[in-house]
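Numbering (full-length UniProt numbering), first residue to last: 1 to 475.
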């Protein structure tokens, strides 16, 4: 691009030079003092921005996303007093931000997008001065260890993907940040000292969150203190999540609580022995319990509710569509009352789990350590007319597939993988599975024969049957 290219464009307000093929920008960019929008995204060769870019005092929006070779930003960024949004997402080579970034006009900086800045190790201390910041996207900034001091003053913040308890950031930092929406992951909860401290996070006021992940870290890479690592091992009870009444919450993940033994009324209600009333998780669509080796069968108090007809419409999870259970070997009965909308159930290494009838279930996956009752009762998990997909994987103890599988008349896909002791399929074959379209079997070395498929049913073409048989042989 010739040096005089922009000589007659001093009044230019919008400039997009995405996919720029030069490694540096000339200083004369600073002459475009009326520029308000500048995009240089996807400039793969760009390694440096001129300090003169700080002369663009009228700039509102700046996008240098996907510039992978860019390693730093010039100090002049701090002079962009009218900048309202800075997008440096996917700048994977960016290691630091200039200290002056916090001097940008606080009232005019609603957005800072740093998504996937994978080399960024720390943030400038003055970034906490951007008290009117609304978007603070630090998702996939994997090397970023701490959040800036002053975060608690960002009361207008709407986007904060994760928060780490530790260092200078306590759980109370979240107390006044109540406009958060979308996803929030809170890590390092093993460092929270007591219930009073946790309550001060004021999660109940964050009504716009759609996904909340609570993580107790067993091996905290940011803190080598042994006592902190033992913090999660001492937690035997959940906080009163029901009291939070997160009415718009769509995803809830709880994992890594090694000593959690039971989940009782506090999960549903406001604590104590109060009755369950209403829909405490009325919008929840996905619930995950992972790596809780001591979690035992849940409080039987909820079973009594099902005995009373007048309370049969009391659903704790009326919109739950997906439930994932992993690494909970002692977990038994799940008293979720009624799950009218559950469509997907994933069970991994939960050999004692027992789930009541699930009338809307269409997908069921059983993997890892499985007990025989769990597999034998597979048709009791759901309405036989609803289940469409069944997967049984990586189980070294399953020797046979139960006979009642033939009652799953809506089953369209059956996958059996890495079940090394499996020696037989149902004696009646799969003749009753009238909707079956996909049968996948692999790494089942002890299974020497395939089931009888029966005669070609009316409406089933010969080519369909050939395709099905070939899949069985080749998979």
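Cβ coordinates follow ideal geometry from the N, Cα and C atoms, glycine included.
DSSP state of residue i mapped onto helix, strand, coil
i: residue 146; result: coil
i: residue 261; result: coil
i: residue 208; result: strand
i: residue 196; result: helix
i: residue 416; result: strand
i: residue 468; result: Here residue 468 scores only 49 on pLDDT, less than 50, and its place in the model is too uncertain to base an answer on.
i: residue 55; result: helix
i: residue 440; result: strand
i: residue 344; result: strand
i: residue 171; result: helix
i: residue 46; result: coil
i: residue 203; result: helix
i: residue 190; result: helix
i: residue 27; result: helix
i: residue 385; result: coil
i: residue 365; result: strand
i: residue 80; result: coil
For residue i: DSSP bridge partner residues
i: residue 288; result: 253 and 324
i: residue 162; result: 185
i: residue 135; result: 111 and 159
i: residue 88; result: According to DSSP, residue 88 bridges with nothing at all.
i: residue 72; result: Beta-bridge pairing links residue 72 to no other residue.
i: residue 95; result: Its beta-bridge partners do not exist; DSSP assigns none.
i: residue 62; result: 38 and 86
Cutoff 6 angstroms; reference residue i; Cβ partners in own chain excluding five residues on either side
i: residue 322; result: 286 and 344
i: residue 163; result: 186
i: residue 76; result: 51, 53 and 54
i: residue 424; result: 400
i: residue 48; result: 24
i: residue 40; result: 17, 20 and 64
i: residue 37; result: 14 and 61
i: residue 147; result: 169
i: residue 369; result: 349 and 351
Same chain, Cβ closer than 7 angstroms to residue i, five either side skipped, listed in chain order
i: residue 481; result: No information on residue 481 is available, as it lies outside the stretch 1 to 475 that the chain covers here.
i: residue 435; result: 409, 410, 411 and 412
i: residue 21; result: 45
i: residue 73; result: 49, 97 and 98
Buried versus exposed call for residue i [16 or more other C-beta atoms within 10 Å across all chains shown]
i: residue 396; result: exposed
i: residue 65; result: buried
i: residue 14; result: exposed
i: residue 169; result: buried
i: residue 127; result: buried
i: residue 441; result: buried
i: residue 445; result: exposed
i: residue 190; result: buried
i: residue 206; result: buried
i: residue 88; result: buried
i: residue 95; result: exposed
i: residue 27; result: exposed
i: residue 33; result: exposed
i: residue 156; result: exposed
Any C-beta of chain E under 8 angstroms from that of residue i
i: residue 341; result: Protein chains in the displayed structure number just one, and chain E is not present.
8 angstroms CB neighbourhood of residue i in its chain, flanking five on each side removed
i: residue 249; result: 209, 210, 211, 212, 281, 283 and 284
i: residue 35; result: 12, 13, 14, 15, 56, 58 and 59
i: residue 432; result: 406, 407 and 409
Closer than 7 angstroms: residue i CB and nearest the ligand FMN heavy atom
i: residue 398; result: Ligands are entirely absent from the displayed structure, and the ligand FMN is therefore not among its contents.
Count the CB pairs spanning the region 123-143 and the region 164-177 that are closer than 8 angstroms, and state whether there are at least three.
-> no
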